[in-house]
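Just so you know, we're using numbering that gives the first Met the number 0 here: the sequence shown kicks off at 0 and counts up by one.
Here a beta-carbon is modelled for each residue, glycine too, at the ideal position from N, C-alpha and C.
A quick note: this is a predicted structure, and the numbers were derived from the prediction, not measured.
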Amino acid sequence: MRAVKTLLKLKMLTFPLGLFIAFFLLNFSFSSCKVSYGLTEKVSAIPDSIKTVKIIPFEPRSAYSNPQLSPNLTQSLRNKIVNQTKLTLTNSENAQWEITGEIRDYSVSTSGVTSANGQQQSSINRLTVGIHVVINKRTENKTVEYDVSRSFDFSARQSLQTAEAALLDEMVRNLTDEIFNKLFSDW
Numbered sequence: 000m001r002a003v004k005t006l007l008k009l010k011m012l013t014f015p016l017g018l019f020i021a022f023f024l025l026n027f028s029f030s031s032c033k034v035s036y037g038l039t040e041k042v043s044a045i046p047d048s049i050k051t052v053k054i055i056p057f058e059p060r061s062a063y064s065n066p067q068l069s070p071n072l073t074q075s076l077r078n079k080i081v082n083q084t085k086l087t088l089t090n091s092e093n094a095q096w097e098i099t100g101e102i103r104d105y106s107v108s109t110s111g112v113t114s115a116n117g118q119q120q121s122s123i124n125r126l127t128v129g130i131h132v133v134i135n136k137r138t139e140n141k142t143v144e145y146d147v148s149r150s151f152d153f154s155a156r157q158s159l160q161t162a163e164a165a166l167l168d169e170m171v172r173n174l175t176d177e178i179f180n181k182l183f184s185d186w
């Protein structure tokens, strides 16, 4: 019986001690790790020597595109670059970087089909927008080209014009983010 009491006392002492050690190790491991998020920091993938950028308006090259997309996309990209990088926007031919783009794809396809009374009907349409972007890095004598594409779904009951009006802000925001990430990330 005495051995059982001694064992219980030992367990009662080791449990808090074990808890203390676990807490100490956990606290130490978190305090030795430093995680920083730079939501307000400027983009660091741009060399310090680069100060100016020129953004030429994106040109619509597809058979059809919303006439508001090109100017809105260009202005949105300009705003994002000014607000989130250290670059200065210029119209000078001497800009260190020059960004141009073309809207090459602006197409609608059926994305979802439903069956009603034995007949298949489109229920969801998909608007796909493809942009070709070129960045001329004059100081490096280097040109980088890439394509971005985004799709936007809308009800087949809506006309394209109605869907475009509803989706324009989302299209501009998503395409701007995609272009910006391709331009300035090292991912």
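Backbone secondary structure at D168 - three-state DSSP
Sequence index remark: in the sequence shown, residue 168 carries index 169 (1-based). Under the three-state reduction of DSSP output, D168 falls in the helix class.
Would Q95 and R137 be called neighbours here (beta carbons separated by less than 9 Å)?
As a first step, residue 95 must be located in the sequence shown, where it is residue number 96. As a first step, residue 137 must be located in the sequence shown, where it is residue number 138. Cβ atoms of Q95 and R137: closer than 9 Å.
Complete runs of the beta strand (DSSP E) confined to the stretch 112 to 182 [at least 3 residues]
The stretch 112 to 182 contains these whole beta strand (DSSP E) runs: 118 to 136 and 141 to 154.
With distances taken from CA atoms, which of L126, T127 and V112 is nearest Q120?
Indexing the sequence shown from 1 puts residue 120 at position 121. Of all alpha-carbon atoms in L126, T127 and V112, the one lying nearest the alpha-carbon of Q120 is that of V112.
Taking the alpha-carbon of A155 as reference, which of G129, T109, L174 and V143 has the nearest alpha-carbon?
In the sequence shown, counting from the first residue as 1, residue 155 sits at position 156. It is T109 whose Cα lies nearest to the Cα of A155.
Please name the residue, chosen from K53, Q67, L86 and R60, that lies closest to P46 on a Cα-to-Cα basis.
The residue you call residue 46 lines up with position 47 of the sequence shown. The residue with the shortest Cα to Cα distance from P46 is L86.
Am I right that V147 and L174 are in contact with their C-beta atoms under 8 Å? What's the rounded C-beta distance?
Within the sequence shown, numbered from 1, the residue matching residue 147 stands at position 148. Within the sequence shown, numbered from 1, the residue matching residue 174 stands at position 175. With a Cβ gap of about 7 Å, V147 and L174 count as contacting.
Which residue's Cα is closest to the Cα of N78: S64, I54 and L68?
Locating residue 78 in the sequence shown gives position 79, counting from the first residue. Answer by Cα proximity: I54.
Buried or exposed (CB count within 10 angstroms, at least 16 for buried), S150
Position 151 of the sequence shown, counted from the first residue, corresponds to residue 150. By the 10 Å Cβ count, S150 comes out exposed.
First and last residue of the alpha helix (DSSP H) that includes I80?
Here residue 80 is taken as the residue at index 81 of the sequence shown, counted from 1. Taken as a continuous stretch (DSSP letters only), the alpha helix (DSSP H) holding I80 covers L68 to Q83.
Any idea what DSSP makes of D47, helix, strand or coil?
Along the sequence shown, read from residue 1 onward, the residue named residue 47 stands at position 48. In this structure, DSSP gives D47 a state outside helix and strand, which the three-state scheme calls coil.
Report yes if the CB atom of E58 is closer than 9 Å to the CB atom of T99, and no otherwise.
The residue you call residue 58 lines up with position 59 of the sequence shown. The residue you call residue 99 lines up with position 100 of the sequence shown. Against a cut-off of 9 Å, the Cβ pair of T99 and E58 comes out as a contact.
Among the residues of its own chain, which have a CB less than 8 Å from the CB of V171, if the five just before and after it don't count?
Here residue 171 refers to the residue found at position 172 when the sequence shown is read from its first residue. Within the same chain, and ignoring the five residues on either side of V171 in sequence, the residues whose Cβ sits closer than 8 Å to its Cβ are L68, N71, L72 and S75.
Kindly examine the ligand FAD and report whether one of its heavy atoms sits closer than 8 Å to the Cβ of Q83.
As presented, the structure is devoid of all ligands, the ligand FAD included, so that no description of it is given.
Test item: CB-CB of G129 and D168 under 9 Å
Here residue 129 refers to the residue found at position 130 when the sequence shown is read from its first residue. Here residue 168 refers to the residue found at position 169 when the sequence shown is read from its first residue. In this structure, G129 sits away from D168, with a CB-CB distance that is not shorter than 9 Å.
Starting from the C-beta of S61, find all residues in its chain whose C-beta is less than 7 Å away, skip the five residues before and the five after it, and write them out in chain order.
Residue numbering aside, residue 61 sits at position 62 when the sequence shown is read from its first letter. Exclusion of the five residues before and after S61 leaves I102, R103, D104 and Y105 as the residues of its chain whose Cβ lies within less than 7 Å of its Cβ.
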